[in-house]
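Taking it in order: structure first as structure tokens, then the write-up.
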Amino acid sequence: MKFRLASLIGALLAVGACTAQVAQKEDLLAAAGFSFRPANTPRAAAALKSLPPHRFVHQVRNGQPIWIYADPTICGCLYAGDDAAYQRFRQMVFQKQIADEQTQAALINQNAAMEQNAAMMDWAVWGPWAPYYIVP
0 MKFRLASLIG ALLAVGACTA QVAQKEDLLA AAGFSFRPAN TPRAAAALKS LPPHRFVHQV
60 RNGQPIWIYA DPTICGCLYA GDDAAYQRFR QMVFQKQIAD EQTQAALINQ NAAMEQNAAM
120 MDWAVWGPWA PYYIVP
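Shown next as structure tokens:
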């Protein structure tokens, strides 16, 4: 029973993380200049289901290149943009990855500094109950 509950909680956390990633991607799509179209008719919903979910598809429409991103799970919609929007999106994703890596590095450095400060702490001020593995 406990295993099932832990598995269920793990699955819900994974789905939540995936949903958050897709939502962030859609925010970037909109910021990059992609147009949003809801699949609010049966015909549009069927067309949306025919596309690979959460993947870019490159097509040529009226002689112009177009990038399509289908989201049947979160918004039930389609994003469409030209090459310029797609390139802006890719650049924004790249910048976000760099920012995330810099944040991660800063957190690692901060944790290392905190651990060093804790190791240098004068445990004698805490009296005789200080952890037994600390030698003054």
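Numbers 0 to 135, taken from numbering that gives the first Met the number 0, label the letters of the sequence shown in order.
Backbone N, C-alpha and C define an ideal beta-carbon position, used for all residues, glycine too.
Mapping the DSSP letters down to three states, classify residue i as helix, strand or coil.
{"i": "Asp182", "result": "A question about residue 182 goes unanswered here, because the residues of the chain that appear run from 0 up to 135."}
{"i": "Leu77", "result": "strand"}
{"i": "Pro51", "result": "coil"}
{"i": "Phe35", "result": "strand"}
Let's test the definition: count the other Cβ atoms within 10 Å of the Cβ of residue i and tell me whether it reaches 16, buried, or not, exposed.
{"i": "Ile107", "result": "exposed"}
To which residues of the same chain is residue i closer than 7 angstroms at the C-beta, ignoring the five residues directly before and after it?
{"i": "Leu28", "result": "Tyr68, Tyr78 and Phe88"}
{"i": "Val92", "result": "Leu27"}
Hey, residue i and residue j are a contact pair by Cβ (cut 8 angstroms); roughly how many whole angstroms apart?
{"i": "Gly80", "j": "Phe33", "result": "4 angstroms"}
{"i": "Pro41", "j": "Cys76", "result": "Actually they do not touch by this definition, with Cβ atoms about 15 angstroms apart."}
For residue i, which residues in the same chain have their Cβ closer than 8 angstroms to its Cβ, ignoring the five residues on either side in sequence?
{"i": "Val56", "result": "Leu50, Trp66, Ile67, Tyr68 and Ala69"}
{"i": "Pro64", "result": "His57, Gln58, Asp81 and Asp82"}
Using only the heavy atoms of the ligand HEM, determine whether one of them is closer than 7 angstroms to the beta carbon of residue i.
{"i": "Ala83", "result": "Inclusion of the ligand HEM in the displayed structure is not the case, the ligand content being empty and no account of it being possible."}
Going along the chain, which residues of its own chain have a beta-carbon closer than 6 angstroms to the beta-carbon of residue i, five neighbours each way excluded?
{"i": "Ala84", "result": "Ala31, Gly32 and Phe33"}
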